[in-house]
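Structure first, then comments.
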Amino acid sequence: MQYFKTSNTNPDKKTCLLCSYYCDLKEGQIGICGVNKNTGEKIECLVYGHISAFNIDPIEKKPLYHFLPNSKSLSLGTVGCNFHCNFCQNHGISQEKKIDKSNYISAKDVAQIAKQRLCKSISYTYNEPTIFYPFAKDIAIEAKKFGIKSVFVSNGFESKEIIDDMVGVIDAINVDLKSFNHKYYKSNLGGNLDQVLSNLIRLKKNKIWLEITTLLVPSKNDSEEEIRKIVKFIKDNLGVNTPWHISAFHPDYKELNLPRTSFEKLKMAYDIAKNEGLLYVYIGNIGFPNNTYCPKCNTKLISREYFNVLDNKLTSSFCPECNSKIDGIFEGE
Ligand code: SF4
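With this note's numbering as the guide, the letters of the sequence shown map in order to residues -13 to 319.
Put into structure tokens, the structure is as follows:
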């Protein structure tokens, strides 16, 4: 796909199609993310090939618990972001605008490294991958040649064009549903809640494996009412088989005066979700047992401690005890 078009309102401008801001840029102008620029000929992704972080992580760290469990994921990010969250744990790269052009790596080389290091997937993470989708897609296409899958860790503010283009390119995504409060999205994060919600539905319809994370930030998004709204949205629109990761906040970046999320709050959210019927609910960052159970016969299928898988009974997507289908993408698929 072409990642830009001529602006509908001004033929001298170009519209970036990478995320739902649809920045209209005149020549020389850079969008909200700080890394896509109208160069006159086109909108160029300035971070193409210029990564700022490169690691091999367990896939559980994304977090994805129902996608190739206990496998390694080559994880990379660039600089820049289209959101500006006050508590960003990766603000050193996400809010950085300076691009280190000295460290170029090609899409082919990234895929080759993933193959050499026996990674089952490549994760586009650390900063918002939508803003460097042209690079991510080229890597994903190279990786597919080796049978390596691709994963987005995202704020869910992609454009609808990108979500449709992801089909057959990006296999799984973890989206941060950061709040259920329109004002909070607008004033503290970026984007807007309604767009994120409709994107979640579109991702699900496009059959990209979807897991959701909510970082519970004390006094910002952790009221019982708001948690109930998040759970109800997941249940009614995405299905009870969508894994929900509830994550504990720790003070970071501009939110240094807030306390850590209490275990009681995390457990309250967990209990609400389980009582509403969500099948796969996990509490992250605090060492709570994060096991996956068969929703039908309750057999413990995967035992985890933090990001480590201690035991995995799932050698296919079927429960070895009762043969029920377990939701997700597992070995051999
Ligand atoms: S990626 Fe989003 S924020 Fe960046 S220029 Fe494109 S539309 Fe604007």
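Even glycine gets a Cβ: it sits at the ideal position worked out from N, Cα and C.
Every value quoted in this text rests on a predicted model; they were computed, and no experiment measured them.
Check: residue i C-beta below 7 Å from any heavy atom of the ligand SF4
{"i": "Leu4", "result": "yes"}
{"i": "Thr200", "result": "no"}
{"i": "Cys116", "result": "Checking the displayed sequence, the identity of residue 116 turns out to be Thr instead of Cys. Yes, the beta carbon of Thr116 sits closer than 7 Å to at least one heavy atom of the ligand SF4."}
{"i": "Cys71", "result": "no"}
{"i": "Asn22", "result": "yes"}
{"i": "Tyr110", "result": "no"}
{"i": "Gly35", "result": "no"}
{"i": "Asn68", "result": "yes"}
{"i": "Tyr279", "result": "no"}
{"i": "Cys9", "result": "yes"}
{"i": "Ile258", "result": "no"}
{"i": "Ile213", "result": "no"}
{"i": "Ile79", "result": "no"}
Nearest-angstrom beta carbon gap, residue j and residue i [assumed within contact, 8 Å]
{"i": "Lys(-9)", "j": "Leu3", "result": "6 Å"}
{"i": "Lys(-1)", "j": "Asp10", "result": "5 Å"}
Straight-line gap, residue i to residue j (C-alpha atoms, nearest Å)
{"i": "Thr25", "j": "Lys135", "result": "32 Å"}
{"i": "Val182", "j": "Thr285", "result": "34 Å"}
{"i": "Ile79", "j": "Thr64", "result": "7 Å"}
{"i": "Tyr8", "j": "Thr1", "result": "6 Å"}
{"i": "Lys169", "j": "Asn309", "result": "45 Å"}
{"i": "Pro237", "j": "Lys164", "result": "16 Å"}
{"i": "Ile269", "j": "Pro49", "result": "11 Å"}
Backbone secondary structure at residue i - three-state DSSP
{"i": "Gly320", "result": "In the structure as shown, the chain begins at -13 and stops at 319. Residue 320 is therefore absent and cannot be evaluated."}
{"i": "Val96", "result": "helix"}
{"i": "Asn223", "result": "helix"}
{"i": "Asn108", "result": "The residue asked about is misnamed: residue 108 is Ile in this sequence, not Asn. If DSSP states are grouped into helix, strand and coil, Ile108 belongs with the strands."}
{"i": "Thr116", "result": "helix"}
{"i": "Lys299", "result": "coil"}
{"i": "Val139", "result": "strand"}
{"i": "His236", "result": "coil"}
Nearest candidate by alpha-carbon position, reference residue i, set the options
{"i": "Gln75", "options": "Ile16, Ser303, Ile269 and Leu242", "result": "Leu242"}
{"i": "Gln81", "options": "Gly273, Ile288, Lys240 and Phe166", "result": "Lys240"}
{"i": "Ile149", "options": "Phe316, Asn174, Ile194 and Trp230", "result": "Ile194"}
{"i": "Gly20", "options": "Cys67, Tyr(-11), Ser38 and Leu54", "result": "Cys67"}
{"i": "Ala234", "options": "Ile220, Leu224, Ser205 and Lys218", "result": "Ser205"}
{"i": "Phe166", "options": "Ile45, Leu201, Pro275 and Asp257", "result": "Leu201"}
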